[in-house]
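Chemist:
4 protein chains.
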Amino acid sequence: MSFNTFGHLFRVTTWGESHGPAIGATVDGCPPGVPLDAAALQVWLDKRKPGQSKFTTQRREADAVEILSGVFEGATTGTPIQLMIANTDQRSKDYGDIAEKFRPGHADITYWQKYGIRDYRGGGRSSARETAARVAAGGIARAAIAKLLPDAKITGYMVQMGPHAIDHARCDADEIQRNPFWVPDAKAAEDWAGYLDELRKSGNSVGAIIEVCASGFPAGLGAPVYGKLDTDLAAAMMSINAVKGVEIGEGMAAAALTGADNADEIAMGPDGPIYNSNHAGGILGGISTGQDIIVRFAVKPTSSILTPRKTITKAGEPTEIVTKGRHDPCVGIRAVPVAEAMAACVLLDHLLLDRGQTGGVRGPIG
Amino acid sequence: MSFNTFGHLFRVTTWGESHGPAIGATVDGCPPGVPLDAAALQVWLDKRKPGQSKFTTQRREADAVEILSGVFEGATTGTPIQLMIANTDQRSKDYGDIAEKFRPGHADITYWQKYGIRDYRGGGRSSARETAARVAAGGIARAAIAKLLPDAKITGYMVQMGPHAIDHARCDADEIQRNPFWVPDAKAAEDWAGYLDELRKSGNSVGAIIEVCASGFPAGLGAPVYGKLDTDLAAAMMSINAVKGVEIGEGMAAAALTGADNADEIAMGPDGPIYNSNHAGGILGGISTGQDIIVRFAVKPTSSILTPRKTITKAGEPTEIVTKGRHDPCVGIRAVPVAEAMAACVLLDHLLLDRGQTGGVRGPIG
Amino acid sequence: MSFNTFGHLFRVTTWGESHGPAIGATVDGCPPGVPLDAAALQVWLDKRKPGQSKFTTQRREADAVEILSGVFEGATTGTPIQLMIANTDQRSKDYGDIAEKFRPGHADITYWQKYGIRDYRGGGRSSARETAARVAAGGIARAAIAKLLPDAKITGYMVQMGPHAIDHARCDADEIQRNPFWVPDAKAAEDWAGYLDELRKSGNSVGAIIEVCASGFPAGLGAPVYGKLDTDLAAAMMSINAVKGVEIGEGMAAAALTGADNADEIAMGPDGPIYNSNHAGGILGGISTGQDIIVRFAVKPTSSILTPRKTITKAGEPTEIVTKGRHDPCVGIRAVPVAEAMAACVLLDHLLLDRGQTGGVRGPIG
Amino acid sequence: MSFNTFGHLFRVTTWGESHGPAIGATVDGCPPGVPLDAAALQVWLDKRKPGQSKFTTQRREADAVEILSGVFEGATTGTPIQLMIANTDQRSKDYGDIAEKFRPGHADITYWQKYGIRDYRGGGRSSARETAARVAAGGIARAAIAKLLPDAKITGYMVQMGPHAIDHARCDADEIQRNPFWVPDAKAAEDWAGYLDELRKSGNSVGAIIEVCASGFPAGLGAPVYGKLDTDLAAAMMSINAVKGVEIGEGMAAAALTGADNADEIAMGPDGPIYNSNHAGGILGGISTGQDIIVRFAVKPTSSILTPRKTITKAGEPTEIVTKGRHDPCVGIRAVPVAEAMAACVLLDHLLLDRGQTGGVRGPIG
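Protein chains in written order, with the numbering used here: chain E, 813 to 1178; chain B, 813 to 1178; chain L, 813 to 1178; chain D, 813 to 1178.
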């Protein structure tokens, strides 16, 4: 696989920098005949768009997506779909200071070392802006999934901000759309607002944990070893900027469990096997069980902060830097729609891969 | 990428089931002229081999690796290297009961649903046995790395067993080779021995957390978005059986940090940039910084336990199952050499990819 | 590899239809630091542009290429380069008749059968227009090659039009740029002009054979079996619209030779091995010898002709069709710059692959 | 795609050298539930086996294939199938002379230059022996095709030996199995026997042209641009040792046709569209039409001949060489079953790819 592509049969290549004329995604391998237009994609982009509350960057981008190919008379043709999003608010003057200094926690220094050239006007490919292209591509994946599995649902939400986790007892899925944090716990939403506001004012930032739940997907997606569904989900989430950890089901906490605790017992339901618990996160041996697929990841705090940090210049001289741009105090908020999009792309890809290899036929039980 | 292959330029395809005649790996894209023979690979396989202490499965396999191609007069030729490990101790009678029943926490049911056929004599491709092929392939990667970067080192070790974490203050790298748990903390090794022995006798099992540290690798390996070094490391670790979570640097704990805490400040050292801390785990924006690369993952407890669990038969009838085979009470122990091997393969692949794209030239600092 | 991508490390994905808003190419894996701007690409596009003589379609497209990403301050950054070419002259009314009828020799019917949807306004992805994106991508490959191998040259030319082959005794490389056919034989250029003019007036079309010669490339590019340099060149040429045959060196004529005739004897030159002939076309066992690399291919006659042909409608009714659009009487003419571009992309890709695996070091002779 | 792998969903990696312990193929992505055992593969290997007439090398290999994984109780499991063929007759002493001299027309010199190491006991990966692994893998593809398309047939045959082409008027498919040349023209078989015997005695060799016809495959396989069915067939054939040209349908001869001659007119048959001719070779715009798929390729004469040829040593000294080993006077004969195998692999791959993307549903006509 190449450097800027993910997926096997449904393949997404994103392109573009924060301060160039446009960003976008080239989507290849979409099934033909999927109803699609730009408005259907715009819905998802609008969820991710910055500047919607005081908790996301005040950089204002229209983030209007155009479809340049692969859709005809309202449906996909099976040929590559080119998505373009113009960069309208580039204000590169904000970034002048970073041309000569490397920002700690940013990719400035590693880009420079690897490539010997760097678009110092912004984060280049590592800008959170790149994720708009993922959200647009994910909209295509959702449309294709909706045709194949009308009841499937992919929902992302925050479960922790800084040290503050949600209380599962208080959770309500309807709450997710009602607050700026995509959090299912109304009380947490309230608490976090105060917490984050204070951080923001002090010029600091904080990390977060996001969970994605995919329901309505059949058993049998994935493969045993390197083509595991969880491997591809983990790679997809780890590829999002600032992500430092990924978990499936119990995740890191599985280490502390015993085998007796962790086994999801199996029973027979009206439509096939059911499970008495879901420690596995819906995936066994790399293959989906038909339960909810649960993936979770941690986003580190934005490195662009107002506290001065020690660093060096390109000339190797010691210096300090304060990153003034317009940044998110908790970049995890905008990671929610991005994670949903990545999950949609991976799941569609595995639906197609499974159909290719097995024809989608399932081994009979009962 | 196909179902049983990982890597881009250095590509490893493993094959074989626990109860067939052999398992192995097809390794393509190795640089030519790397000194190699079977004995050099056997060293690593012997580290992973079961039956070395009472804490790993008593299944006894010679695990003797043969090189069938790609090596001539003691060096790699640049053509595919075929590695074969005969299965000598198959005792399939132990597994008779699982032909008709699905073991909870195992891939039995998902294999059956996906493929409609399943080698019921063992775990098939999901058997821990598959990991022997990874270790052998990793030995090739290590040999190639040794030629390119003589000072590079890749070391795996356990940092948590069940709920019991190591104490970093007590750690000593030399300790890792001295105990059956590959743990750098001598006191932990002692405590864990008692804890695990009790679990083993009760027919239960437990999870673990393993960390791999790769030192001596240059800045500039990886790519910004989907070709990230951390993405490939995460996928590699998640592809190991029973892994449920993967972390880079601070990992999931990054969520609770503020930006001021998390930024690794940069200074100028005698040979280039140095960092005052390593929250990033040696990777920024998907590209290595030249610091130690730190990846960590959680292994769930073995699902094969003596406690009876509820399940169903292929006919859909409810039943109970006790898995009697010879299994590891903590499969995480044997995951240590496997994780080292996976890290070696990924790092070599990125060394070659980087050399292909950039020629290995670095942007100058200072 | 996906449906609309070619290449391994240097990867090109083209997108767009003849009657959509734009076409383009996403180019990933380009080395960083290659001097590049849109004007450098436009030179190659202008060579291919239709409407330059009466022998190519009168469809007039500006074919102005824009670089949307991956280039900063006049050099490539190592990140994806997005190329866009707006479709300015779409005149879709010309094509009205083909919405319901399938044109013989065109992909209309196979698209419809495969996808169940088809952009009936033009050839969709099979339009010769798609090749403009290849030419633009090839311009990037040429720029990168120029940096790595300043003396390398890639030259395409026609060697046969319809039944009329060139006379090698009359050939002069300088002649190639002087006639509308890119033919090195001035006498052939004159003859072909009359021949093609007549065909054009009668509403008919004709095939052609094009040859590409790549000189200045080192020995050692390619690999023995499926990663052969000739395999990738053959695939690249066969992927061009209307190509029905591909040859390396002696090509199909090798069948009639004896081993004694066909062996290229080897001698020692001042800078390494030299060969007394080049039946092999510069490739032995899939790997370049350092001689000129010679690839040749046949383009079938354009299927869009004024002679009525029998066909069927979507309803399965028999009918006749005359394709009136503005088409090339010999589409092979415009295939010349396309073939050069494809050769450039493949050769750069193999330069990078070889550098990745071997470091570009060569086994010593003498 | 890596150096020794071909295919997308059905992927074949071959490994092994002529003078190592074994050769083989790793086959990934096969559909599960395909009836298979070693005997079914042996049938195809026996067709290719050397030493069956005086017209093929007298090197005697049992060429007995073993299945080491991926098949259980007589059917494929959907996991990787490892095929191994032991090298039993290695007689490496025959090859002693070539350790220091490069054989003209062979890959000796290019291997040495690329890798700096070379298994001088034989042709290494370029030995015709590698093709046994392809034939075994092709047997798996045939078994899977037989399950999906019981009426499909893939037949290879020689159509030219040296300058002597068959007469299509005399052809009879039943004849193909009756002569050592796999030629459908009984008179040609007789003539060629005398011709080749003379060449063989004089220590010379000759080229050939082979054609493969695949019938019973549906419309809709392939994709418009780089994922063309003809692109993959061309690459597959070009990857066979000694192949110098590949054609689809009219092939190189299409250059001499006019558009009026070349268009295959369409009519409506009882089961869908039918065509009045097949100049296209069953592929339009990269996608199958449902007609016979026709691919043809030229094999150069074996370079191992008794006539002395000028060459150089590793030290760069001029010398002469006579290649004494046991070689085929017309290696094209044994290319017939290899070509069938390659076609089977490519066609199965495209059946799976098409099923993955479109579900195998066809756009309705009539």
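Glycine is no exception: its CB is placed at the ideal position from the N, C-alpha and C atoms.
Just so we're clear, the structure is a prediction, and the values are computed from it rather than from any experiment.
Determine the direct distance from the alpha carbon of C1157/B to that of G950/B, and round the result to whole angstroms.
Modeler: In a straight line, the C-alpha of G950/B is about 6 Å away from that of C1157/B.
Chemist: Near T1170/L, which residues of its chain fall below 6 Å by C-beta distance, leaving aside the five closest residues on each side in sequence?
Modeler: Taken in chain order, the list of residues that qualify is empty.
Chemist: For E1183/L versus K1122/L, is the C-beta spacing smaller than 8 Å?
Modeler: No answer is possible for residue 1183/L: the residues shown for chain L start at 813 and end at 1178.
Chemist: At a Cβ cut of 7 Å, what residues of the region 1162 to 1175 of chain B count as close to chain L, listed as they run along the chain?
Modeler: Of all residues in the region 1162 to 1175 of chain B, L1164, L1165, R1167, G1168, Q1169, T1170, G1171 have a Cβ within less than 7 Å of some Cβ in chain L.
Chemist: Let's see if you can read the secondary structure: which residues bound the beta strand (DSSP E) around G836/B?
Modeler: That run of the beta strand (DSSP E) goes 834 to 840.
Chemist: By DSSP's criteria, A1110/D is part of a beta bridge. Which residues make up the other side?
Modeler: DSSP lists I1021/D, G1057/D as partners of A1110/D.
Chemist: DSSP three-state label for H820/D, please.
Modeler: Here H820/D sits in coil by DSSP.
Chemist: With DSSP collapsed to three states, give me the class of P1130/D.
Modeler: Here P1130/D sits in strand by DSSP.
Chemist: So with Cβ pairs under 8 Å, would you call W924/L a contact of chain D?
Modeler: Cβ-Cβ to chain D under 8 Å: yes for W924/L.
Chemist: Against chain E, which members of the region 834 to 857 of chain L pass a CB distance test of less than 8 Å?
Modeler: The region 834 to 857 of chain L vs chain E, Cβ under 8 Å: A834, I835, G836, T838, D840, G841, P844, G845.
Chemist: Can you tell me whether M813/L is buried or exposed? The criterion is at least 16 other CB atoms within 10 Å of its CB, across all chains shown.
Modeler: Note on M813/L: pLDDT 49, under 50, position unreliable in the model; no value is reported.
Chemist: Could you check what DSSP says for S1089/B in three-state terms: helix, strand or coil?
Modeler: Three-state result, S1089/B: coil.
Chemist: Of all the CB atoms in chain B, is at least one closer than 8 Å to the CB of P1141/L?
Modeler: No, its Cβ sits nowhere closer than 8 Å to a Cβ of chain B.
Chemist: Output, in chain order, the set of chain B residues within a Cβ distance shorter than 9 Å of L821/L.
Modeler: Those within 9 Å of L821/L in chain B are H820, L821, L1165, G1168, Q1169.
Chemist: Please name the residues in the region 954 to 977 of chain L whose beta-carbon is closer than 7 Å to at least one beta-carbon of chain E, in chain order.
Modeler: Taking 7 Å as the Cβ-Cβ cut-off against chain E, none of the residues of the region 954 to 977 of chain L qualify.
Chemist: Can you pull the chain L neighbours of T1135/B, defined as C-beta to C-beta under 8 Å?
Modeler: By Cβ distance, chain L contributes nothing, its closest Cβ being about 42 Å from T1135/B, past 8 Å.
Chemist: Just the chain E side, please: which residues come within less than 9 Å of L880/L by C-beta, in chain order?
Modeler: Here the neighbours are W827, G828, G832, P833, A834, I835, G836, M896.
Chemist: Using a 10 Å radius around the Cβ and a threshold of 16 neighbouring Cβ atoms, would you call H980/D buried or exposed?
Modeler: H980/D is exposed by the Cβ-count criterion.
Chemist: Distance, Cα to Cα, M973/E vs N1016/E?
Modeler: Whole-angstrom Cα-Cα distance: 14 Å.
Chemist: Measuring alpha carbon to alpha carbon, tell me which residue in D984/B, R1108/B, L1008/B is nearest V1024/B.
Modeler: It is R1108/B whose Cα lies nearest to the Cα of V1024/B.
Chemist: Looking only at C-alpha atoms, which of G1057/B, I978/B, K1136/B, L1163/B sits nearest to I1099/B?
Modeler: Taking only the C-alpha atoms, the option nearest I1099/B is L1163/B.
Chemist: So, for S1051/B: in the same chain, excluding its five sequence neighbours on each side, which residues have a beta-carbon less than 7 Å away from its beta-carbon?
Modeler: Once the five neighbours on either side are set aside, the close Cβ partners of S1051/B are F818.
Chemist: According to the Cβ coordinates, are G1093/D and M1064/L closer than 8 Å?
Modeler: Cβ distance not < 8 Å, so G1093/D and M1064/L don't count as in contact.
Chemist: What residues in the region 1058 to 1080 of chain E have a beta carbon less than 8 Å from any beta carbon of chain B?
Modeler: Hits within the stretch, in order: V1058, E1059, I1060, G1061, E1062, G1063, M1064, A1065, A1066, A1067, A1068, L1069, T1070, G1071, A1072, D1073, N1074, A1075, D1076, E1077, I1078, A1079, M1080.
Chemist: Determine the direct distance from the alpha carbon of L960/B to that of M1080/L, and round the result to whole angstroms.
Modeler: About 32 Å.
Chemist: Taking only beta carbons into account, state which residues of the region 925 to 943 of chain E come closer than 8 Å to chain L, listed in chain order.
Modeler: Flagged, chain order: K926, Y927, G928, I929, R930, D931, G936, R937.
Chemist: Residues in the same chain with beta-carbon distance under 7 Å from I1117/D, minus the five sequence neighbours each way, listed in chain order, please.
Modeler: G1015, N1016, S1017, T1135.
Chemist: Chain F beta carbons: is any one of them nearer than 8 Å to that of T1043/B?
Modeler: Absence of chain F from the displayed structure is noted, the protein chains being E, B, L and D.
Chemist: Beta carbon of N899/D, beta carbon of K1112/L: below 8 Å?
Modeler: No; because the gap between Cβ atoms is not below 8 Å, this pair is not in contact.
Chemist: Reducing DSSP to helix, strand and coil, say where L1163/B ends up.
Modeler: It is helical.
Chemist: Please report the Cβ distance between G1097/D and G1084/D, rounded to the nearest whole angstrom; I am assuming they are in contact, meaning their Cβ atoms lie under 8 Å.
Modeler: That pair is no contact at about 18 Å.
Chemist: Per DSSP, T888/L forms a beta bridge with which residues?
Modeler: The partner list for T888/L (beta bridge, DSSP) reads V883/L.
Chemist: Shorter than 8 Å from the beta carbon of M1154/D to some beta carbon of chain L?
Modeler: No, because no Cβ of chain L sits closer than 8 Å to the Cβ of M1154/D.
Chemist: For T825/E, does the three-state DSSP call read helix, strand or coil?
Modeler: Of the three classes helix, strand and coil, the one that applies to T825/E here is strand, per DSSP.
Chemist: Are the Cβ atoms of R946/D and V1173/D separated by less than 8 Å?
Modeler: The answer is no: Cβ separation not under 8 Å.
Chemist: With respect to the beta strand (DSSP E) encompassing T967/L, which residues constitute its N-terminal and C-terminal limits?
Modeler: Its beta strand (DSSP E) spans residues 965 to 973.
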